[in-house]
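Residue numbers (our numbering): 274 to 548. All residues carry an ideal CB built from backbone N, CA and C; glycine is no exception. Scroll down for the structure; my scribbles are underneath it.
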Ligand code: KMH
Ligand code: ZN
């Protein structure tokens, strides 16, 4: 049986230290959170950058600092920068971390109505541009799909030759404007994927844990971390991303599932071996 790849989305762009003081802003805080997550069993660190004051940034040099520091602390981990960034950022801004040639990056597959007047823009041409940039640099895209139509868009771009197989999806549930964080919607999305694709499941807030467990039961992989959920239990903040990862590792063990090391994750996702 294939092993379970745990992704830790350690920072995100939206959560703050006012909500949970363990949310990382500084380089040292990022290193601490990445180390806790990897030591607990995460193979992939999904990374949004922050300035020291907590403001989200896609600045290439800030990403370089963070990636170099995390790599030193966690030399085997797969570091997956976000190209989603935060709403309101331009495509050029968002693409900056790809200039560092990471082995993987997120590729958002549709525009989202986040609420009010907030729109997360991913036009078809932007997705094609981001995919071309990743192909040129040998970066494995993780296809972020917040709804069924995003899967359809991704598959259209696969058929048109813009995105290469093997495909790895991240099904993101419970974000305003997208699919609901319910078993019904997860089953629908999972069965909308091509048979040969691998998939991770992310779900917001209190839905993170049950849908992570469902993902593992369905042959998929879980994504945990502060980007999607800052609480360990109702009204109780998680002390670290590592605490969330450790709980998944325990549950996977009870389910007789083994946890993939970063190198095993590269193998499962059919990525080149670590350099
Ligand atoms: N923060 C959201 C606007 C990604 O990382 O690619 C976008 C996001 C997706 O988190
Ligand atoms: Zn993200």
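Indicate the three-state DSSP secondary structure (helix, strand or coil) for residue i in the structure shown.
i: residue 381; result: strand
i: residue 368; result: helix
i: residue 422; result: helix
i: residue 461; result: helix
i: residue 514; result: helix
i: residue 485; result: helix
i: residue 309; result: helix
i: residue 499; result: coil
i: residue 480; result: helix
i: residue 444; result: strand
i: residue 519; result: helix
i: residue 278; result: coil
i: residue 532; result: strand
i: residue 304; result: helix
i: residue 537; result: helix
i: residue 291; result: coil
i: residue 474; result: strand
i: residue 296; result: coil
i: residue 527; result: helix
i: residue 506; result: strand
Can the beta-carbon of residue i be found less than 8 angstroms from the beta-carbon of residue j?
i: residue 342; j: residue 522; result: no
i: residue 280; j: residue 473; result: yes
i: residue 440; j: residue 418; result: no
i: residue 229; j: residue 475; result: Residue 229 lies beyond the range of the chain shown here (274 to 548); nothing can be said about it.
i: residue 541; j: residue 328; result: no
i: residue 351; j: residue 373; result: no
i: residue 286; j: residue 358; result: yes
i: residue 489; j: residue 277; result: yes
i: residue 412; j: residue 378; result: yes
i: residue 324; j: residue 370; result: no
i: residue 448; j: residue 477; result: yes
i: residue 353; j: residue 392; result: no
i: residue 470; j: residue 435; result: no
i: residue 426; j: residue 400; result: yes
i: residue 484; j: residue 446; result: yes
i: residue 499; j: residue 355; result: no
i: residue 486; j: residue 524; result: yes
i: residue 293; j: residue 510; result: yes
i: residue 450; j: residue 528; result: no
i: residue 437; j: residue 408; result: yes
i: residue 507; j: residue 479; result: yes
i: residue 415; j: residue 380; result: yes
i: residue 624; j: residue 463; result: Because the chain spans 274 through 548 in this model, residue 624 falls outside it and cannot be assessed.
Is any heavy atom of the ligand SAH found at a distance shorter than 7 angstroms from the C-beta of residue i?
i: residue 310; result: No copy of the ligand SAH occurs in the structure displayed; its ligands are the ligand KMH and the ligand ZN alone.
>> Taking 8 angstroms as the cut-off, does the stretch 524-544 touch the stretch 496-508 (at least 3 CB pairs, one atom from each stretch)?
In response: no
> Unbroken beta strand (DSSP E) runs of length 3 or more, entirely within the stretch 387-415: which are they?
Replying inline: 391-393
>> Quick check: the stretch 307-323 against the stretch 346-362, are at least 3 beta-carbon pairs closer than 8 angstroms?
In response: yes
>> Taking 7 angstroms as the limit, name every residue whose beta carbon sits nearer than that to some heavy atom of the ligand KMH, in sequence order.
In response: 285, 286, 287, 319, 321, 355, 356, 357, 358, 359, 360, 379, 381, 393, 417 and 500
>> As an exercise, report each continuous beta strand (DSSP E) stretch of at least 3 residues that is fully enclosed by the stretch 314-379, in chain order.
In response: 317-320 and 351-354
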